[in-house]
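Participant: Numbering-wise (the working numbering), the sequence shown opens with residue 4 and increments by one.
The following block contains the structure, expressed as structure tokens.
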Amino acid sequence: MVREQYTTITEGTHIERPENQAVYKIGIYGWRKRCLYLFVLLLLIILLVNFALTIWILRVMWFSPVGMGHLHVMADGLRLEGESEFLFPLYVKEIRSRVDSSLLLQSTQNVTMNARNAEGEVTGRLKVGPKMVEVQSQQFQIHSKDGKPLFTVDEEKVMVGTDKLRVTGPEGALFEHSVETPLVRPDPLQDLRLESPTRSLSMDAPKGIHIQAPAGKIEALTQMDIILQSSDGMLVLDAETVCLPELALGSQGPAGSSQGLYEVCACPDGKLYLSVAGMGTTCHEHSHLCL
């Protein structure tokens with residue numbers, strides 16, 4: 004510590020300073036000064052390198068006043084130009100393409116879109132894989148451009164809202180259970196075929212069944228029985244000609260007595276057979292055919 008001494012003198016008095024008074028220098032000298040300059044130089048080099056890296060990153064990432072590269076920050080959201088790749092999940096409220104281009108979502112494995120509720124639970128999922136498209140939701144709907152429901156699926160039923168359901172497969176449509184529809188018809192100039200290869204075919208209607216073929220014929224083939232039953236009404240065969248070619252035929256009467264005319268007889272169980280026509284009914288003569 005340097006002690007300062009103050010001496011009070013009067014005017015005209017001369018005081019001589021001691022010749023061996025110590026002088027102290029202020030500052031950094033020697034190796035400390037060289038280390039300080041070296042440290043300042045190192046900081047300057049680091050500053051220049053950081054500045055150069057910042058300029059390089061801005062150059063590579065295409066930073067601009069409106070965004071970064073193909074990503075532009077708009078007033079109503081973000082806009083991406085060209086192809087973009089996301090390595091982690093993307094959370095957005097709405098995704099839409101430009102007016103003059105389509106929206107393409109592409110992945111080497113699958114594309115999955117999830118909808119979650121406020122608790123974070125998945126309430127809907129759309130998964131597009133390499134072999135199948137999977138939809139997980141309580142209800143799946145397809146609407147037309149005017150909002151009309153075209154196809155609706157839920158846990159209880161499947162509804163097709165189009166005016167016509169067309170099946171173009173060569174094997175037709177396969178139904179494992181019952182089908183309820185007001186109308187079944189084929190394409191123009193095509194045959195309508197209802198077939199059950201191993202089981203029976205049943206058509207039920209509370210008010211009747213109408214089978215119509217204006218430009219063709221109706222053919223029913225079966226290995227066992229064909230049953231036409233009306234619980235409250237009658238069965239009408241309205242045609243110019245009704246052919247029953249394989250009915251059982253009763254014994255012939257005297258030659259020329261029937262003139263080739265026969266009458267159709269019915270058994271109590273509904274079985275039909277032919278009997279030679281006479282002046283009166285001859286069904287009782289051949290009633291043994293009902294046994």
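Backbone N, C-alpha and C fix where the C-beta goes; we use that ideal spot for every residue, glycine too.
For Pro-209, tell me which candidate among Arg-196, Gly-236, Glu-97, Ile-221 has the shortest Cα-Cα distance.
Facilitator: Nearest of Arg-196, Gly-236, Glu-97, Ile-221 to Pro-209, Cα basis: Gly-236.
Participant: Unbroken beta strand (DSSP E) runs of length 3 or more, entirely within the segment 107–165: which are they?
Facilitator: Runs of the beta strand (DSSP E) inside the segment 107–165: 114–119, 125–131, 136–139, 143–146, 152–156, 161–163.
Participant: Thinking just about the alpha-carbon of each residue, which of Val-187, Gly-219, Val-170 is nearest to the one in Met-206?
Facilitator: When only C-alpha atoms are compared, the closest one is Val-187.
Participant: Taking all protein chains shown into account, do 16 or more other C-beta atoms lie within 10 angstroms of the C-beta of Ser-67, making it buried, or fewer, making it exposed?
Facilitator: So Ser-67 ends up on the exposed side.
Participant: Rounded to the nearest angstrom, what separates Trp-59 and Leu-41 at their Cα positions?
Facilitator: Computed Cα separation, rounded: 27 Å.
Participant: Relative to the C-alpha of Asp-157, which candidate in Gln-139, Ser-147, Gly-172, Thr-171 has its C-alpha closest?
Facilitator: Selected option, being the one with the closest Cα: Gln-139.
Participant: Count the other C-beta atoms from every protein chain shown that fall within 10 angstroms of the C-beta of Ser-278, then say buried if there are 16 or more, exposed otherwise.
Facilitator: Ser-278 should be labelled buried.
Participant: On the CB-based measure, 16 or more other CB atoms within 10 Å of its CB, does Gly-253 come out buried or exposed?
Facilitator: It counts as buried.
Participant: DSSP on Gly-259, reduced to helix/strand/coil?
Facilitator: Low confidence applies to Gly-259: its pLDDT is 48, below 50, so where it sits in the model is not reliable, and the reading given next is rough at best. In this structure, Gly-259 counts as coil in the three-state DSSP scheme.
Participant: Pick from Val-114, Val-102, Ser-105: whose alpha carbon is nearest that of Leu-93?
Facilitator: Residue Val-114 is the option with its Cα nearest to Leu-93.
Participant: Closest to Leu-250 by C-alpha separation, out of Leu-264, Leu-275, Asp-241, would be which residue?
Facilitator: Selected option, being the one with the closest Cα: Leu-275.
Participant: From Lys-300 to Val-163, what distance separates their C-alpha atoms?
Facilitator: Because the chain spans 4 through 294 in this model, residue 300 falls outside it and cannot be assessed.
Participant: Mapping the DSSP letters down to three states, classify Cys-1 as helix, strand or coil.
Facilitator: Coverage of the chain is limited to positions 4 through 294, which leaves residue 1 absent and any answer about it impossible.
Participant: Quick one: what's got a C-beta closer than 6 Å to Gly-85's C-beta in the same chain, skipping five residues either side?
Facilitator: His-73.
Participant: Opposite Cys-268 in the DSSP bridges: which residues?
Facilitator: Cys-268 pairs with Tyr-276.
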